[in-house]
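Beneath this line is the structure, given in structure tokens, with notes to follow.
Dropping the structure here:
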């Protein structure tokens with residue numbers, strides 16, 4: 001057996017309890033949660049130099065990857081970010097106050113606004129996206145390229161099952 005991690009200890013404790021728990025599923029879920037928390041911490045630390053939190057970065061990165069003119073309707077942002085319209089509005093307001101995004105009426109739908117990266121937002125996001133990506137490096141270093149491909153395949157299958 002490889003070295004034990006904190007989840008092995010937790011599972012062993014549950015094994016000795018009087019409860020009948022789905023320990024195989026728990027082993028996967030707890031490890032995914034732990035890896036995600038560790039990764040989110042790395043991202044938060046990396047983004048701190050830009051004064052951004054991960055949620056704000058997600059908005060900016062979504063606008064950046066949409067391509068020029070780096071402008072999207074809030075409904076499109078909501079679908080991409082999987083957050084509520086209220087949560088998005090709060091993020092956009094904070095980013096607008098800092099000069100990273102601007103909002104204007106959608107000429108095709110006067111009831112809706114479009115959110116766009118400003119020149120300042122584009123400059124910050126272009127730097128932040130590189131630092132953010134670098135913060136995730138090393139995550140899969142313990143795996144060979146073949147194992148990485150298999151891990152990606154397993155995680156995709158899991159995500160598709162979850163979201164279907």
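Numbering (UniProt numbering), first residue to last: 1 to 164. Glycine included, each C-beta is placed from N, C-alpha and C at the ideal position.
At a Cβ-Cβ threshold of 7 Å, residue 25 and residue 132 do not count as neighbours.
In the structure shown, the three-state DSSP call for residue 140 is coil. For the beta strand (DSSP E) assignment, the uninterrupted runs of no fewer than 3 residues enclosed by the stretch 79 to 164 are, from N- to C-terminal side, 101 to 106 and 109 to 117.
For residue 11, the closest C-alpha among the options 23, 96, 2 and 144 is that of 23. Listed as beta-bridge partners of residue 45 by DSSP are no residues whatsoever. With contacts defined as CB atoms closer than 7 Å, residue 125 and residue 64 qualify as a contacting pair.
Here DSSP, grouped into helix, strand and coil, assigns residue 60 to helix.
Counting every other CB atom within 10 Å of its CB across the protein chains shown gives residue 43 a total of 16 or more, marking it as buried.
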